[in-house]
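Please read the structure below before turning to the comments.
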Amino acid sequence: MKKSSILITLGAASVAVLAIGYATAGRTPDASLPVNEQMLQILDDGGCAFCHTANPHLPAYASLPVAKSMIMSHVEAGYKSFDIEPVTTALSEGKAVGEVDLAKIEKCIMDGSMPLMSYYMAHWGAKPTSGKKTVVLEWVRQHRAEYYPNELAAEEFRNEPVRPIPDSVSVDPAKVLLGEALYHDTRLSGDGTISCATCHGVGTAGVDNLQYSKGIGGQFGGINAPTSFNACFNFVQFWDGRAATLADQAAGPPLNPIEMGSKSFDEIVGKLSADEAFAKEFLAVYPEGMNQSTITDAIAEYEKTLITPNSPFDRYLKGDAQALAAEEVEGYALFKQYNCATCHAGVNMGGLSYEMMGKREDYFKDREINSKSGLTDADNGRWAQTGLERDRYRFKTPTLRNVSLTWPYYHDGSVPTLDKAVEMMSQYQVGRTMSADEVAKVTSFLNTLTGEYRGEKLTNSNVR
Numbered sequence: 065m066k067k068s069s070i071l072i073t074l075g076a077a078s079v080a081v082l083a084i085g086y087a088t089a090g091r092t093p094d095a096s097l098p099v100n101e102q103m104l105q106i107l108d109d110g111g112c113a114f115c116h117t118a119n120p121h122l123p124a125y126a127s128l129p130v131a132k133s134m135i136m137s138h139v140e141a142g143y144k145s146f147d148i149e150p151v152t153t154a155l156s157e158g159k160a161v162g163e164v165d166l167a168k169i170e171k172c173i174m175d176g177s178m179p180l181m182s183y184y185m186a187h188w189g190a191k192p193t194s195g196k197k198t199v200v201l202e203w204v205r206q207h208r209a210e211y212y213p214n215e216l217a218a219e220e221f222r223n224e225p226v227r228p229i230p231d232s233v234s235v236d237p238a239k240v241l242l243g244e245a246l247y248h249d250t251r252l253s254g255d256g257t258i259s260c261a262t263c264h265g266v267g268t269a270g271v272d273n274l275q276y277s278k279g280i281g282g283q284f285g286g287i288n289a290p291t292s293f294n295a296c297f298n299f300v301q302f303w304d305g306r307a308a309t310l311a312d313q314a315a316g317p318p319l320n321p322i323e324m325g326s327k328s329f330d331e332i333v334g335k336l337s338a339d340e341a342f343a344k345e346f347l348a349v350y351p352e353g354m355n356q357s358t359i360t361d362a363i364a365e366y367e368k369t370l371i372t373p374n375s376p377f378d379r380y381l382k383g384d385a386q387a388l389a390a391e392e393v394e395g396y397a398l399f400k401q402y403n404c405a406t407c408h409a410g411v412n413m414g415g416l417s418y419e420m421m422g423k424r425e426d427y428f429k430d431r432e433i434n435s436k437s438g439l440t441d442a443d444n445g446r447w448a449q450t451g452l453e454r455d456r457y458r459f460k461t462p463t464l465r466n467v468s469l470t471w472p473y474y475h476d477g478s479v480p481t482l483d484k485a486v487e488m489m490s491q492y493q494v495g496r497t498m499s500a501d502e503v504a505k506v507t508s509f510l511n512t513l514t515g516e517y518r519g520e521k522l523t524n525s526n527v528r
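And the structure:
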């Protein structure tokens with residue numbers, strides 16, 4: 065066969081293969097299949113796992129010199145932003161997909177940001193068809209309704225990525241009273257000067273408004289104190305997630321040599337037991353006696369009551385159209401437009417996932433240049449617990465509830481004002497620059513997230 069004929073034959077074969085691939089990948093899933101299976105097919109057709117898993121099975125051309133650099137940069141950025149494996153595992157096992165993952169999938173489908181153009185130019189069928197988009201968005205709606213029912217919201221807001229705070233959570237009142245006393249008790253510290261409330265004051269929105277908290281002996285920690293308000297809605301505690309529960313978290317600071325400086329819980333029990341009246345109250349609630357487990361359990365039970373429902377935004381979601389001004393409603397729209405709601409989702413508008421600080425620009429490099437502040441152990445984030453390189457600089461997202469009262473901002477407490485924090489988030493996390501008007505509107509919206517504590521609007525006794 066002549067060379068020209070061979071080339072024509074190969075070219076025709078290539079076109080045929082691509083056409084078949086497009087027909088297969090571009091298919092709309094069979095509506096008779098369970099919706100989870102339809103979603104798995106869409107994710108597979110879109111090649112999402114090429115960039116959004118730890119060990120992607122890349123196409124053969126990914127090893128070619130011309131393509132390798134670009135592809136691997138996409139893989140690295142994609143995996144940093146979103147790991148799809150928990151989603152596919154949950155779908156396969158018929159379990160709940162996380163609220164943050166739902167929000168991220170919904171947003172990229174709605175704005176068409178995924179897959180990247182450079183990817184679907186080589187994989188024609190990867191770009192979602194209108195039929196696929198319809199399936200995905202309906203799956204998100206159904207999944208939220210099943211696993212995260214938004215029953216407090218008005219009908220028009222039932223499918224929002226965020227939910228109102230409930231008016232109360234179930235607690236044991238006797239344990240709450242005991243836990244409240246312990247939360248404010250300086251005997252939990254080595255020298256009797258520091259309590260939980262020292263750094264997480266109830267009168268100061270659950271924080272101390274310091275960049276780093278001041279502990280025993282005048283020592284300063286190396287990370288900003290997160291608010292204790294609404295912490296019961298977090299999926300883990302601490303910026304690096306090292307505590308699975310509120311009780312686990314309560315066990316940490318008392319024994320930290322920089323924070324509260326007690327040598328052991330036996331030492332704490334000894335001091336508390338010497339108080340006969342308190343010891344009697346304690347035994348009435350915990351017949352098994354005083355120990356680390358019962359002390360931290362009581363503190364955790366009290367912290368469950370540190371919730372702040374009925375913010376103006378919550379009232380708006382519940383159907384009160386007058387609860388927000390026009391500028392604040394516009395701010396909420398911008399909040400979603402700029403992807404803020406993809407990480408700050410759920411009841412707590414945060415606290416549900418670990419996210420990379422500096423997804424689009426190098427936050428730590430810029431901080432080092434601008435402030436001459438070198439990296440610290442605290443900057444490693446989740447990596448300190450897992451040792452996985454992907455987790456370096458990844459932190460549990462903070463709640464945005466009452467955020468106007470919990471300055472300074474970020475894990476390093478380096479940003480003094482809320483509007484500056486908003487501006488920088490857009491730059492480092494989204495890779496876009498907000499106009500001054502947009503920053504003002506988003507900040508205005510965030511001010512509506514201040515809720516009520518024990519029936520009164522939450523305030524901060526620290527005056528700026």
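Residues in the sequence shown are numbered consecutively from 65, following this note's numbering. Each residue gets a CB set at the ideal place from its N, CA and C atoms; glycine is no exception. Treat the numbers as computed from the prediction; the structure is a model and nothing was measured.
Between residue i and residue j, how many whole angstroms is the CB-CB distance? I'm expecting something under 8 Å.
i      : j      : result
Ile280 : Ser259 : Rounded, the Cβ-Cβ distance is 11 Å, inconsistent with contact.
Gly515 : Asp304 : Contact doesn't hold; Cβ gap of about 27 Å is too wide.
Val164 : Ala390 : Actually they do not touch by this definition, with Cβ atoms about 29 Å apart.
Val226 : Met413 : 5 Å
Leu469 : Asn524 : 4 Å
Thr372 : Ile148 : About 34 Å; that fails the 8 Å criterion.
Buried or exposed for residue i, going by 16 or more other Cβ atoms inside 10 Å?
i      : result
Phe293 : buried
Asn466 : buried
Pro317 : buried
Gly110 : buried
Gln493 : buried
Gln206 : exposed
His121 : exposed
Gly395 : buried
Asp249 : buried
Leu128 : exposed
Gln313 : buried
Phe284 : exposed
Glu392 : buried
Asn298 : buried
Ser96  : exposed
Lys429 : exposed
Gly495 : exposed
Asn119 : exposed
Ala362 : buried
Ser490 : buried
Gln386 : exposed
Gly383 : exposed
Leu510 : buried
Val271 : buried
Gly519 : exposed
Asn273 : buried
Ser194 : exposed
Thr461 : buried
Lys327 : exposed
Using only alpha-carbon positions, find the residue among the options that is nearest to residue i.
i      : options                           : result
Leu336 : Leu452, Leu381, Pro462 and Leu246 : Leu246
Met420 : Ala364, His207, Ala141 and Thr358 : Ala141
Gln401 : Ala389, Phe428, Val503 and Lys423 : Val503
Pro192 : Ile173, Gly270, Glu210 and Thr153 : Ile173
Leu155 : Glu425, His248, Phe146 and Leu107 : Leu107
Lys159 : Val99, Ala343, Arg424 and Ala269  : Val99
Tyr310 : Pro373, Ile359, Arg208 and Ser232 : As written in the sequence, residue 310 is Leu, which differs from the Tyr given in the question. Per the Cα distances, Ile359.
Glu323 : Ala289, Glu432 and Thr92          : Ala289
Ala341 : Arg431, Leu242 and Ala387         : Leu242
Gln105 : Thr92, His116 and Phe114          : Thr92
Lys168 : His116, Met136, Leu513 and Glu219 : His116
Asp441 : Tyr457, Glu432 and Glu453         : Tyr457
Looking only at its own chain, which residues have a Cβ that is under 7 Å from the Cβ of residue i, when we skip the five neighbours before and after it?
i      : result
Val479 : Pro472, Tyr473, Ala485 and Met488
Lys171 : Asn403 and Thr406
Leu166 : Val204, His207 and Arg208
Gln449 : Asp304, Gly305 and Arg306
Thr268 : Asn524, Ser525 and Asn526
Met178 : Cys172
For residue i, which residues from the same chain have a beta carbon less than 8 Å from its beta carbon, with the 5 sequence-adjacent residues on both sides left out?
i      : result
Phe459 : Trp303, Asp304, Tyr418, Glu419, Met421, Gly445, Arg446 and His475
Ala238 : Ala348 and Val349
Val46  : Since the first and last residues shown for the chain are 65 and 528, residue 46 lies out of range.
Leaving out five residues before and five after residue i in sequence, what residues of the same chain have Cβ atoms less than 6 Å from its Cβ?
i      : result
Gln301 : Ala307 and Gln313
Tyr366 : Val240, Gly243, Glu244 and Tyr247
Cys112 : Ile148
Determine whether the Cβ of residue i lies closer than 8 Å to any Cβ atom of chain B.
i      : result
Phe509 : Although the question refers to chain B, the structure presented lacks it and comprises just one protein chain.
Heavy atom of the ligand ADP less than 7 Å from the Cβ of residue i, yes or no?
i      : result
Gly316 : For the structure depicted, the ligand ADP is absent and the ligand set is empty, with no information on it obtainable.
**Study point:** Entirely enclosed alpha helix (DSSP H) segments - the stretch 90-175, minimum 4 residues
**Key:** 99-109, 129-145, 149-157 and 163-175
**Study point:** Inside the stretch 420-463 only - beta strand (DSSP E) runs reaching at least 3 residues
**Key:** 458-460
Exercise for review: Enumerate, from N- to C-terminal direction, the unbroken alpha helix (DSSP H) stretches of 4 or more residues contained entirely within the stretch 233-277.
Suggested key: 237-247 and 260-263
Review point. Can you list, in chain order, the stretches of the alpha helix (DSSP H) that have 4 or more residues and sit fully within the stretch 378-407?
Key: 390-401 and 404-407
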